[in-house]
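In this note's numbering, the protein residues as written are 44 to 542. Glycine residues also receive a C-beta, built at the ideal position from the N, C-alpha and C atoms. Owing to the predicted nature of the structure, the values given are computational and were not obtained by experimental measurement. Beneath this line is the structure, given in C-alpha cells, with notes to follow.
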C-alpha cells in the first residue's frame, strides 16, 4: 500500500514545510487521540456490512492509480485516506466506522488543497485583506492608496503577496476550530459557530496585521515589514486568533446560562483511555480485511508493473526562436523579473510586444509553457491574477474569433475588458493543451487528468494577448488589431507548443 500512495505522501510532507500547512505534522497524532476516544463506543455496535471495505478499497486503488498515472498527488492523498477507511470498514463494519467519522474527517486537514483552488482562494483573500488592511491604516490618519494588492504609502509601497493572504492563519485555525468544536460540550449550533467563525477571524486578523505593518512602515521604515519582526508579528496575530476563538467559546458558554468553566466544558479525556482500549475485543471474522488487503496489494502491484512509462512529450522549439516579424507586426521580446519568474514556474515563456510602423497601438503577447502541469505548476487563468495588479474585469465572455489566413474556421477564446482608472484594455486568452484549445480552467484540469492517465502527458500552456482600448467606442478597433495578429501567431504556435 505504501508504494501505491508514496508519491502522494512525499508531496504532502513537502507541503507541510510551508507555513500554510505546517500544522499537518500534528494532525495524525491528534487524529489518533480522537480515534482512541471514539473507538470504545464504536466497538459496542454489532459488526455488519464489512464487505463495504473491499468496495471502498477498489475506489481507493482507482484514485491511487489515476493519481499516479496522471501525476496528480492530490488525488493520491485522498486515495490514501479512503484506503484507511476501507480497512476500518473491513474490520469493524459500516455502523462502527460511521461512529469514527470525527478522526477520519480530521485527517482531511493534513491534505493540501489542489493548487488551482489554492491560487483562487489565496488571490481572493489577498484582495480582501488588502482592502481591510488599508481601512485600518486610514483609521490611523495615514494617507494611503490601494491599487489591487499594492498598498501605496507614498514613500513606500507594500505588496500583499501570497505569503500575506492569510491562508497561513486560516488552515491551522480551521483545524483548531474543528478540534475545539469536537471537544466543546454544548449545543450543536455552538459547535458549528465555533468552526465557521475561524474564517472571518483569520481574514480580519490578517487584515489587522497588514494595517499594523503599514502604520509601522510609515512611521519607522520598510524594515518593519521584513525579517524577524515580520515573523514575530505573524505569531502574535496567530496566537491572538486562538485567543479570540477561546473567548468566543467562553461567551457562548455564558449565553447558554451554563455555570461550567471553559475548561470544564471541554471534554478532554486522557485518563482511562488505555484501560478502555485494552478491554476492546475485535471480531475474528477477517475475510473482508483479507480481501481489502489483497485489493490494495494488487493495486500496488499493477502500479509497479506499469510505472516505467517513457515520457511522451513531443519535441518543441524554444520561445527564444519565436518570430519577431509577423505579417507587418514587429515584436520585441523582454524578460520577467526573477521573483515573477519564480512564481510563474513555467519551463519556457514568451513575453513580447508587437507594433506596426504606422503607429498602431501595440499588442502584448504572453505565452507560458509547462512541460508538466503537476506538483503545483500549471497555467492558471488571468481571471485570477489580473485583479491583483489593480485591474478590474469589467466584462468577461467566450467569443468565437475568425482566424485570418484562409483557415475557414474560428477558435474560441476568453474575451475580457479590464480597466484601471481611466485606462482600458482588451484581453484575449485561452489554454493551449496538447492540441486542444480550451477556455475553461476546470476543463483544463479534467484533460490534464485524462491525458496524464492515457497519454502520459500533462504539458500545456496559456496564451494571452492584450491591447489598449484607446477611446470610448474603440473596442471594435481593438478587436480588429488582436484578430489581425492572432492569425499569424496561430499558424506558428504548433512549432512551440506540442500538439
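Secondary structure of residue i, DSSP reduced to three states
i: residue 435; result: strand
i: residue 501; result: strand
i: residue 32; result: Past the boundaries of the shown model lies residue 32; the chain is included only from 44 to 542, so the question cannot be answered.
i: residue 200; result: strand
i: residue 232; result: helix
i: residue 211; result: helix
i: residue 494; result: helix
i: residue 281; result: helix
i: residue 373; result: strand
i: residue 24; result: Missing from the structure shown is residue 24; the chain here goes from 44 to 542 and no further.
i: residue 510; result: strand
i: residue 468; result: strand
i: residue 394; result: strand
i: residue 417; result: coil
i: residue 440; result: strand
i: residue 69; result: coil
i: residue 194; result: strand
i: residue 46; result: helix
i: residue 426; result: helix
i: residue 359; result: coil
i: residue 271; result: For residue 271, the pLDDT reaches just 47, beneath the cut-off of 50, and the residue's location in the model is therefore unreliable, although a value from the coordinates is still provided. Residue 271 falls in the helix class under three-state DSSP.
i: residue 187; result: coil
i: residue 365; result: coil
i: residue 520; result: helix
i: residue 446; result: coil
i: residue 481; result: strand
i: residue 60; result: coil
i: residue 309; result: strand
i: residue 407; result: strand
Buried/exposed call for residue i, threshold 16 Cβ in 10 Å
i: residue 401; result: exposed
i: residue 542; result: exposed
i: residue 358; result: exposed
i: residue 93; result: buried
i: residue 382; result: exposed
i: residue 299; result: exposed
i: residue 368; result: exposed
i: residue 473; result: buried
i: residue 434; result: buried
i: residue 344; result: exposed
i: residue 539; result: buried
i: residue 172; result: buried
i: residue 168; result: buried
i: residue 453; result: exposed
i: residue 18; result: As displayed, the chain neither begins before 44 nor continues past 542, which places residue 18 out of reach and without an answer.
i: residue 514; result: exposed
i: residue 155; result: buried
i: residue 376; result: exposed
i: residue 484; result: buried
Contact set for residue i: own chain, Cβ-Cβ below 6 Å, skip 5 residues either direction
i: residue 549; result: Examination of residue 549 is not possible in this model, given that the chain is present from 44 through 542 alone.
i: residue 211; result: 62 and 63
i: residue 55; result: 120
i: residue 114; result: 417, 495 and 501
i: residue 190; result: 433
i: residue 46; result: 343
Close beta carbons around residue i, own chain, < 8 Å, minus the five adjacent residues each side
i: residue 247; result: 175
i: residue 234; result: 224, 225 and 227
i: residue 214; result: 63, 64, 66 and 152
i: residue 150; result: 70, 71, 74, 124 and 127
i: residue 96; result: 129, 130, 131, 132, 133, 134, 331, 332, 334 and 335
i: residue 48; result: 107, 119, 120, 122, 123 and 126
i: residue 441; result: 455, 456, 457, 458 and 482
i: residue 84; result: 142
Near the ligand GDP: residue i beta-carbon under 7 Å from a heavy atom
i: residue 355; result: As for the ligand GDP, it is missing from this structure, which has no ligand bound.
Cβ-based neighbour list, residue i, same chain, cut-off 7 Å, excluding 5 preceding and 5 following
i: residue 50; result: 111, 116 and 119
i: residue 258; result: 180, 183 and 185
i: residue 429; result: 436 and 461
i: residue 293; result: 305
i: residue 100; result: 126, 129, 335, 338 and 339
i: residue 390; result: 412, 413 and 414
i: residue 478; result: 542
Within-8 Å CB hit, residue i to chain B
i: residue 299; result: Given the protein chain composition of this structure (a single chain), no chain B is represented.
**OP:** Taking 8 Å as the threshold, find out whether the region 400 to 413 comes into contact with the region 476 to 495 through three or more Cβ pairs.
**Re:** The region 400 to 413 vs the region 476 to 495: no contact.
Subject >> Cβ contact check for the region 221 to 235 and the region 179 to 199: 3 or more pairs under 8 Å >> reply: Three or more beta-carbon pairs separated by less than 8 Å are not found between the region 221 to 235 and the region 179 to 199, which leaves the two stretches without contact.
**OP:** Jot down the residue ranges of each uninterrupted alpha helix (DSSP H) in the region 144 to 183, minimum 4 residues, whole runs only, in chain order.
**Re:** Within the region 144 to 183, the runs of alpha helix (DSSP H) at least 4 residues long that lie entirely inside it are, in chain order, 144 to 150 and 158 to 182.
**OP:** Just list the alpha helix (DSSP H) runs in the region 80 to 142, keeping only unbroken ones of 4 residues or longer that don't cross its boundaries, in chain order.
**Re:** Listed in chain order, they are 95 to 112, 116 to 135 and 137 to 141.
Original post:
When the Cβ atoms of the region 508 to 518 are set against those of the region 461 to 471, are three or more pairs found closer than 8 Å?
Top reply: With a cut-off of 8 Å, the region 461 to 471 and the region 508 to 518 count as touching, because enough Cβ pairs lie within range.
Original post:
How do the region 438 to 449 and the region 527 to 536 stand: do at least 3 beta-carbon pairs fall below 8 Å, yes or no?
Top reply: The region 438 to 449, when compared against the region 527 to 536, does touch it at the 8 Å Cβ threshold.
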